[in-house]
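Structure first, commentary second.
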Amino acid sequence: MNKIVPKPGIMDIALYEGGKSKVDGVSNVIKLSSNENPFGPPEGAKESVRRALHEMHRYPSGDHLALRTAIGEVHGLDPARIICGNGSDEIIHFLCQAYTAKGDEVIHTEHGFAMYKISARVSGATPVEVPEKERVTDVDAILAACTKKTKLVFLANPNNPTGTMVGLAEIERLAEGLPPQTLLVLDGAYAEYVEGYDGGAKLVETRENVVMTRTFSKIYGLGGMRIGWGYAPKAVIDVMNRVRGPFNLSNVALAAAEAAVRDTDYVEKSRNENLRLRTWLAEALMEHGVPSDTSTANFVLARLSSPEEAEACDAYLQRQGLIVRRVTGYGLPSALRISVGDEPACRRVAHCIGLFKAGER
Ligand SMILES: *Cc1c(COP(=O)(O)O)cnc(C)c1O
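Read in order, the letters of the sequence shown correspond to residues 1 to 361 in UniProt numbering.
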């Protein structure tokens, strides 16, 4: 008899479903399902990658010193408290692996990012879902859900897929109220889209129980390269480095990220264009009778009137060559998450949703 089975919890993991990128029978699709930067990566990143290709037979840097130094310079942070990962997903993974085990609890919010649950389960821990208030993080509900077993609290700010965020005063109140054994993880995947927001970096510096994660997958346009980073108290960095594989980032990815982080003009240009088009898109959808919360990220959560209507709208958009994201798995069956594309893409998706609402199928 076959007795080969994974450890408890693994088979409870629901496979992560990424944004679709193809529709059968439709060519030239417009992909608005993964919150990618429609303008791609900065030119300097591509140039750095071309140069790094000559070194592909060499092992990459194991301490990521050059990238950590660049991030430190650009963001005004201490490189010794930065850790780089294969996407920020890997930082989430390090935290779960290092700080949780069977019996421990990992808090995430009602419409929080799927990876928190997945990583918690991989470590044998129990994910605990906490209600939001009308699609906004509820700090009091998180504090009320904490127990002696709570090891990690994951909070994306701005949140995906809601696009909403809470202010730093609320975050600080949360950090202050957590039990002594609990680490707060602020996921800043969309922080660059909020002008003047540091993702919680200052909080990391003034407290011992806050970690910030960031990514190159969104505003830097490097999702395919898989690079993210974390900023944490030195003690937490020391812990995470013990579970990190020594060569978790390729030299190509490291080169791309270093060039990208130094291109602050590109970030500013992308942020401004996103703001302009996101505002336009949300208003256009509203005119077609499709409301959304004010988004602080690079997507809009469009609320249709029912799960059936959301499903029909998604199918209609796919036939028009537009891929958006259904978010039923995030507890939002009546909504569609639409990434802010370039101007023609925004116009096209708004136009098609208008036709759909006017009765076209
Ligand atoms: C996209 C996203 C990430 C980034 O993941 P990577 O592994 O860095 O590509 C992290 N958190 C949230 C909430 C996201 O939406």
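In this text, a Cβ means the ideal position worked out from N, Cα and C, and glycines have one as well. Here the structure is a predicted model, which means the values were calculated and not measured.
For Thr69, the three-state secondary structure derived from DSSP is helix.
Distance between Gly167 and Asn157, taken at the CA atoms: about 9 Å. Per DSSP, the continuous alpha helix (DSSP H) segment holding Phe356 begins and ends at 343-357. If you look at Ile338, you'll find it in the beta strand (DSSP E) that goes 332-339. The three-state reading of DSSP puts Ala282 in helix, counting H, G and I together. Residue pairing by DSSP places Thr126 opposite Glu105 in a beta bridge.
DSSP places Thr328 in the helix class (H, G or I) of the three-state scheme.
Taking 8 Å as the cut-off, the Cβ atoms of Val349 and Leu317 count as close. Proximity of the beta carbon of Ser217 to ligand 1 is indicated: a heavy atom of the ligand is located closer than 7 Å. In this structure, the beta-carbon distance from Ala80 to Lys202 does not fall below 8 Å. Exclusion of the five residues before and after Thr215 leaves Ser88, Ala189, Gly228 as the residues of its chain whose Cβ lies within less than 6 Å of its Cβ. Distance from the C-beta of Ala253 to the nearest heavy atom of ligand 1 is not below 7 Å.
Residue nearest to Leu332 within the set Gly163, Leu222, Arg173, Gly230 is Gly163 (criterion: CA-CA distance).
Rounded to whole angstroms, Thr100 and Arg244 show a C-alpha spacing of 15 Å. Within the chosen limit of 7 Å, ligand 1 reaches the beta carbon of Ser88 through at least one heavy atom. The way I'd put it, the region 266-283 doesn't touch the region 134-143; fewer than three beta-carbon pairs between them come closer than 8 Å.
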